[in-house]
Amino acid sequence: MSTSTPLGINSASVIAAPAGKYPPGDLAIWLFIYAELLAFGVFFLSYAFARSKNVELFNQSQLLLNRESGAINALVLITSSYFVVRAVAAIKEGHSKVCANWLGAGIGLGMVFVVIKLFEFSAKFSQGISLSTNTFYMFYLSLTMFHFMHVILGMVILAAVMLKARRGGYTPENHTGVETGASYWHMVDLLWIILFPLVYVIR
Amino acid sequence: MNAIPHKPHFVRPCTRIWLALIFLTAVTYSIGDAGLGGTPVMLAVLAITFAKTQMIAAYFMGLRKAGLLWRAIMGVYLATVATMIAVAYLIAIK
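If you read the sequences in order, they're chains A and B.
Residue 85 in this note's numbering sits at position 85 of the first sequence, with consecutive numbering throughout.
In this note's numbering, each number is its position in the second sequence, counted from 1, plus 1000.
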């Protein structure tokens, strides 16, 4: 029987998951992902509750952020994540080189994110803004820098996977490495999807 | 090396999800750009964010095919973060 989701995706092609089936990639990366999500979750809620004691300061400081660069970076990471989904699909279909190319495109967009973020940090530092400027900027800089480091690590992981894929190191039957790198990269994307509205938009 | 046969898609499900994510990000940005604030706007932005993170988790991270426990951990995490952020903002209004 075929059902359709609100997005019009036919679920007939989705294989029902047996109970306890592991998500794609190495089990260890998922334990790592959930630990990372927990750390960021505490960080997000610390920001939200710190704001509740200092609403005016947070609202005024937020207006000085470059919302455009935050939004562009959200689009960049979402698209990069999509390219990595295509890389996983390609290796499942047995196309190693295509997989490597999609990964290369994903890493390229990761670099775009890094460059935009560096410009943003540079603009803030040149205005004399630092971690000790006020509570908002302490959170803004530490949250975005913590996330920035995860982007760098994600790009290193994807680069290692891409090089192996280019050498034909993965097959449709054995491509756990591609899924492991992809899962980590999607987590980096997911975190920015929360961080962007939280720090740049909601007031 | 055997390629796994698959049903060809004119538009792959992941492409639909990507387009939906792009659209919802544009909506979020527009809300910020218009300078909108207040409880309904905050709740709407959080609802959009929750929907986006669920899409990433289910379709990009592949959790929709994983076991209940793995899906539940992510679902509870995302719902808790969104709810607690809403609570923190509502406390600030009162």
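Positions of the beta carbon are idealized from the N, C-alpha and C atoms, including for glycine.
Just so we're clear, the structure is a prediction, and the values are computed from it rather than from any experiment.
Taking Cβ-Cβ distances shorter than 8 Å, what residues in chain A pair up with residue i?
{"i": "valine 1081 of chain B", "result": "Gly41, Phe44, Leu45 and Ile194"}
{"i": "alanine 1088 of chain B", "result": "Leu45, Ala48, Phe49, Arg51 and Ser52"}
Let me see if you follow: with CB-CB separation under 8 Å, is residue i close to chain A or not?
{"i": "valine 1045 of chain B", "result": "yes"}
{"i": "proline 1040 of chain B", "result": "no"}
{"i": "glycine 1037 of chain B", "result": "yes"}
{"i": "tyrosine 1066 of chain B", "result": "In the sequence as presented, tyrosine is not what sits at residue 1066 of chain B; that position holds alanine. Chain A contact via Cβ: present."}
Just the chain B side, please: which residues come within less than 8 Å of residue i by C-beta, in chain order?
{"i": "aspartate 189 of chain A", "result": "Ile1056 and Phe1060"}
{"i": "valine 201 of chain A", "result": "Thr1028, Tyr1029, Ile1031, Gly1032 and Val1045"}
Taking Cβ positions only, does residue i come closer than 8 Å to chain B?
{"i": "serine 183 of chain A", "result": "yes"}
{"i": "isoleucine 157 of chain A", "result": "no"}
{"i": "serine 52 of chain A", "result": "yes"}
{"i": "arginine 67 of chain A", "result": "yes"}
{"i": "serine 81 of chain A", "result": "yes"}
{"i": "isoleucine 129 of chain A", "result": "no"}
{"i": "lysine 97 of chain A", "result": "no"}
{"i": "leucine 37 of chain A", "result": "yes"}
{"i": "lysine 117 of chain A", "result": "no"}
{"i": "tyrosine 242 of chain A", "result": "Any answer about residue 242 of chain A is impossible in this case: the structure gives chain A only from 1 up to 203."}
Chain A partners of residue i, CB-CB under 7 Å?
{"i": "alanine 1092 of chain B", "result": "Arg51, Ser52 and Val55"}
Measure the beta-carbon distance from residue i to residue j and round it to whole angstroms, keeping in mind my assumption that it falls under 8 Å.
{"i": "arginine 67 of chain A", "j": "tyrosine 1029 of chain B", "result": "7 Å"}
{"i": "methionine 1042 of chain B", "j": "isoleucine 193 of chain A", "result": "Not a contact, Cβ separation roughly 16 Å."}
{"i": "glutamate 173 of chain A", "j": "valine 88 of chain A", "result": "No, glutamate 173 of chain A and valine 88 of chain A are not in contact; Cβ-Cβ is about 14 Å, not under 8 Å."}
{"i": "leucine 1046 of chain B", "j": "isoleucine 1085 of chain B", "result": "6 Å"}
Applying a beta-carbon distance threshold of less than 7 Å, which residues of chain B neighbour residue i?
{"i": "alanine 87 of chain A", "result": "None at all; the shortest Cβ gap to chain B is about 11 Å."}
List the residues of chain B whose Cβ lies closer than 9 Å to the Cβ of residue i, in chain order.
{"i": "histidine 186 of chain A", "result": "Ile1056, Ala1057, Phe1060, Met1061 and Gly1062"}
* To do: Could you list the residues in the segment 1022-1037 of chain B with a C-beta less than 7 Å from some C-beta on chain A, going in chain order?
  => Ile1022, Thr1025, Thr1028, Tyr1029, Ile1031, Gly1032, Asp1033 and Gly1037
* Could you please tell me which residues of the segment 143-174 of chain A, in chain order, have their CB closer than 7 Å to any CB of chain B? => Thr171 and Pro172
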